[in-house]
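This report concerns only the one structure given below.
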Amino acid sequence: MKKISVVSLLLIITAAVFAVTLDFYCLAWQPAAVDKIYDLVDIWNMENPDIQVNIIWGTWESSDQYLLTSFQGGNAPDVFHTDAEKFREYGMMGYAAPLNSYITDDMIADIPAHIFEDCYDFTGNLYGIPWCQETQVIFYNKDIFVESGIRLPLDRMISWEQLLDIAQSVTKKDENGNVITWGILAPLMERFHWTLIAQKDGTILTKDSNHKWKVEINKGAEEAIEFYLSLITEHRVMPRDVISIDYTSLMQGFINGKYAMVTFGCWNRRFLLQNKNFNWGMLLVKNGDNKINASDPQAFGISKLSKHKDEAFAFIEFMTNTENSAEISYSDYLFPVRESSLEDPRFSSPENEWDIAKAWLQYSDNVKPGMPGFYSFEWKLFVPNLEKVILGSVRLDAALKDTVTEGNKMLKKLGLQ
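The opening residue of the sequence shown carries number 1 in full-length UniProt numbering; numbering runs sequentially from there.
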């Protein structure tokens, strides 16, 4: 027994000395999800003494800057976590490693093909493995709806016209004409305008067969943008807060009755549940039979600079397997992308409206164009032009014309034309 103990100890020491250490950049932040990540990494490290994982915690707000700086500085994490759509861009920039030779048949069979799309470049290289997703919903204040006599369809899906009618009914003013409760707040950062564009089969950024991009706004997109802006400028059921409101102010305003409805990802249920006396529910907006709604899948990938790609992918396999992706997603009030993981009965429970959010997953997709450099276009040109319309400094037609003209100049500078 003494000899076995000594030998075992020597093996452990030897494994520790020669162990590969993987840096894992992770953006989980909700307490239960952070705890689950810690637990799984501890299990991995215990079961794989020769491949140890070190977690580097990041924030969504600074992740792009951190990763680009790390990639360019030559000290990028081996494994990194971010929005699935970012992997195409990082791959095309030469920062993310192609994973085509690593992806397993199990992953291909279990993860819907359309969820992988954002992780591919336009020549078939795969750069990320998706593992979780969400449904963007409209949260509503049940007490305000009851007071206003609002009756909802059983499936909680409402048309654009119904959304406007409800927003007008629940918008309240004081005796001086000042709004004390706004019907809805759909911040620009929450991409509700892109959901409306998708529901109208709208296009703003288009790609030809040679993978060249151009700004081309069709009638459907114009109608969707006009409807979104009319909630502020014409019907006055939504405040100008859409421009700059932060998450904390948005949620406090919702809970305090300043906003009767707000758009957000279904993961936000965790925050609302902390306010035990607040009665909330969820709605989904639709345009006729078009029920597509925003979903931003998240994924794991490997830095092209990593010297331990085989070990890194083995870790990704572990984190994204059926059981673990379900555990992390549930802890984060999100949904796993694996069909086998979604069979977990917790995701179908009526508690905290998991069942409703899951039923709407079939309509969830990435509604934003998959163009490299999309965020530069969105935040440096498109959104500022929408803000000008909101503030009354230009008309919508002029703003859209400028978006096309200046947008195509921008795309040319980015090498996309």
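Quick reminder that beta carbons are idealized off the backbone N, C-alpha and C, glycines included. Just so you know, these numbers come straight off a predicted model, no measurement behind them.
Are the CB atoms of D42 and D78 within a distance shorter than 8 Å?
no
Residue range of the unbroken beta strand (DSSP E) whose run includes S159
The continuous beta strand (DSSP E) containing S159 extends over residues M157 to S159.
How is the alpha helix (DSSP H) around D289 delimited, first residue to last?
First-last for D289: undefined, no H or E at that position.
Note down, in chain order, each residue of its chain lying with its Cβ closer than 7 Å to the Cβ of N100, except the 5 sequence neighbours on either side.
Apart from sequence neighbours up to five positions away, the residues of its chain that approach N100 with a beta-carbon distance below 7 Å are N125 and L126, ordered along the chain.
Just to check my reading of the structure: I108 and P130 have Cβ atoms closer than 8 Å, yes? What is that Cβ distance to the nearest angstrom?
Not confirmed; about 12 Å, so no contact.
Residue ranges of each beta strand (DSSP E) within the segment 228 to 287, 3 or longer:
261 to 265 and 280 to 286
Out of curiosity, what's the CA-to-CA distance linking F335 and I37?
16 Å
Would you kindly check if the distance between the Cβ of W160 and the Cβ of V367 is under 8 Å?
no
Keeping to the same chain, check which residues put their C-beta closer than 6 Å to that of E353; ignore five residues upstream and five downstream.
Scanning its chain for C-beta atoms nearer than 6 Å, with the 5 sequence neighbours on each side dropped, one finds around E353 the residues M282, in chain order.
Does the distance from the CB of D332 to the CB of C132 come in under 8 Å?
Going by C-beta atoms, D332 is nearer than 8 Å to C132.
Using DSSP with H/G/I as helix, E/B as strand and the rest coil, what is K214?
strand
Assigned secondary structure, N321 (DSSP; H/G/I helix, E/B strand, else coil):
N321 carries a coil assignment under DSSP once its states are collapsed to helix, strand and coil.
Going by beta-carbon coordinates alone, are V285 and L205 separated by less than 8 Å?
no
Determine whether the beta carbon atoms of F318 and W44 lie at a separation below 8 Å.
Result yes, Cβ atoms of F318 and W44 sit closer than 8 Å.
Presumed contact (8 Å Cβ cut-off) between L416 and K291, rounded CB distance
That belief does not hold up - the Cβ atoms of L416 and K291 are roughly 31 Å apart, past 8 Å.
Just to confirm the assignment, what range does the alpha helix (DSSP H) spanning K207 have?
Looking at the DSSP string, K207 is not in any alpha helix (DSSP H); the run it does join, the beta strand (DSSP E), is L205 to K207.
Mind pulling the beta strand (DSSP E) runs of 3 or more residues that sit fully within the segment 107 to 160?
As summarised for the segment 107 to 160, the continuous beta strand (DSSP E) elements at least 3 residues long and confined to that stretch are 129 to 133, 136 to 141 and 157 to 159, given in chain order.
Whole beta strand (DSSP E) runs in the segment 159 to 184 with 3 or more residues, listed along the chain?
Runs of the beta strand (DSSP E) lying entirely within the segment 159 to 184, each at least 3 residues long, are 179 to 181 in chain order.
Euclidean distance between Cα positions of L400 and K309:
45 Å
H81 to G149 span [Cα, whole Å]
44 Å
What does the Cβ neighbour count give for A398, buried or exposed, with the cut at 16 atoms within 10 Å?
Exposed: under 16 other Cβ atoms inside 10 Å.
To the nearest angstrom, report how far apart E223 and L381 are at their CA atoms.
E223 and L381 have their C-alpha atoms spaced approximately 19 Å apart.
Just checking L334 against the ligand MN - is the residue's beta carbon closer than 7 Å to any of the ligand's heavy atoms?
Although the ligand MN was asked about, the structure shown includes no ligands whatsoever.
Between I243, E226 and S348, which lies nearest to P384 when the distance is taken from Cα to Cα?
I243
Would you kindly report the start and end of the unbroken alpha helix (DSSP H) that includes A357?
Boundaries of the alpha helix (DSSP H) around A357: W354 to A359.
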